[in-house]
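Q: Residue numbers (the numbering used here): 880 to 1070.
Glycine included, each C-beta is placed from N, C-alpha and C at the ideal position.
#1: Give the secondary structure of residue 1070 by DSSP, where H, G and I count as helix, E and B as strand, and everything else as coil.
#2: Contact between the region 969-981 and the region 923-939 is defined here as three or more beta-carbon pairs at a separation below 8 Å; is this criterion met?
#3: Pick from 903, 900, 1046 and 905: whose alpha carbon is nearest that of residue 979?
#4: Using the rule of at least 16 other Cβ atoms within 10 Å of the residue's Cβ for burial, across every protein chain shown, is residue 1034 buried or exposed?
#5: In three-state DSSP terms, what is residue 981?
#6: Is residue 1058 helix, strand or coil by DSSP?
#7: Out of 986, 1016, 983 and 976, state which residue places its alpha-carbon closest to the alpha-carbon of residue 994.
#8: Check whether the Cβ of residue 995 lies closer than 8 Å to any Cβ atom in chain B.
#9: Could you spell out the range, first to last residue, of the alpha helix (DSSP H) harbouring residue 1014?
#10: I need the straight-line Cα distance from residue 955 to residue 981, nearest angstrom please.
#11: Suppose contacts are defined by Cβ-Cβ distances below 8 Å. Is residue 945 in contact with residue 933 by that definition?
#12: In whole angstroms, give me the CA-to-CA distance for residue 1000 and residue 975.
#13: How should residue 1050 be labelled, buried or exposed, when 16 other C-beta atoms within 10 angstroms of its C-beta is the threshold for buried?
#14: When you compare each of 889, 931, 900 and 989 to residue 940 by their alpha carbons, which one comes out closest?
#15: Work out the CA separation of residue 1024 and residue 913 for me, nearest whole Å.
#16: What's the gap between the Cα of residue 917 and the Cα of residue 1026?
#17: Using the three-state DSSP reduction, which class does residue 1037 fall into: helix, strand or coil?
#18: In angstroms, rounded to a whole number, what distance separates the CA positions of residue 920 and residue 977?
#19: Could you give the distance in angstroms between the alpha-carbon of residue 987 and the alpha-carbon of residue 1008?
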């Protein structure tokens, strides 16, 4: 593993941990229900993604990516209240990874043609965009001035970092309040 990949992995880990810390704090301190807090975070993320897309000239891919991420995160938030805290955390973490992957796939499919971004390399797009660890994504030789992994990283990079942070915030926010009810103090009978 190169130093560059290690730095990106460490940065992504820090971003996810920071997001989880913010989500835990938000889950404890919010004056609204955890689902409403998660909805507010998700709404903010969608607006920011659309703004990034507008600035970069990729509004349609950014909107499609935001929609796919939002659908999966909505399902995670809704299901978190039906299962125990541990299952919700595990499912939320795996579902969050799936949501970020789905957002990137949606972005790349709507942004690049099948010739520019061969679809059989779809599972390599996320590690390539985040770390640059995967450099051969099957694009035709000489197809562009820059390799595909670099173009994906430049165009979808800010979106991926934001979605990773927001996913951790939402998962921690909806999982945190699900505590087991404390036992009744001894000596107090409930009628």
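A: Quick look at the numbers:
#1: At residue 1070 the pLDDT is 48, less than 50, meaning the model places this residue with poor confidence and gives no usable figure here.
#2: No contact exists between the region 969-981 and the region 923-939.
#3: Sorting 903, 900, 1046 and 905 by C-alpha distance to the C-alpha of residue 979 places 1046 at the top.
#4: Buried: at least 16 other Cβ atoms inside 10 Å.
#5: Look at residue 981 here: in three-state DSSP terms it is helix.
#6: Residue placement at residue 1058 is flagged as unreliable, the pLDDT there being 45, under the threshold of 50; a coordinate-derived value is accordingly withheld.
#7: The shortest Cα separation from residue 994 among 986, 1016, 983 and 976 belongs to 1016.
#8: Looking at the structure shown, chain B is missing, and only one protein chain is on hand.
#9: Counting along the chain, residue 1014 falls outside any alpha helix (DSSP H), and DSSP gives it neither H nor E.
#10: Using only the alpha carbons, I get a separation of about 14 Å.
#11: At a Cβ-Cβ threshold of 8 Å, residue 945 and residue 933 do not count as neighbours.
#12: Those two C-alpha atoms are separated by around 21 Å.
#13: Around the C-beta of residue 1050, 16 or more other C-beta atoms lie within 10 Å, and the residue is accordingly described as buried.
#14: Among 889, 931, 900 and 989, the Cα nearest to that of residue 940 belongs to 989.
#15: Taking the straight line from one Cα to the other gives about 46 Å.
#16: Take the alpha-carbon of residue 917 and the one of residue 1026: they are about 37 Å apart.
#17: Residue 1037 falls in the helix class under three-state DSSP.
#18: So the alpha carbons of these two residues sit roughly 18 Å apart.
#19: Rounded to whole angstroms, residue 987 to residue 1008 spans 11 Å at the Cα level.
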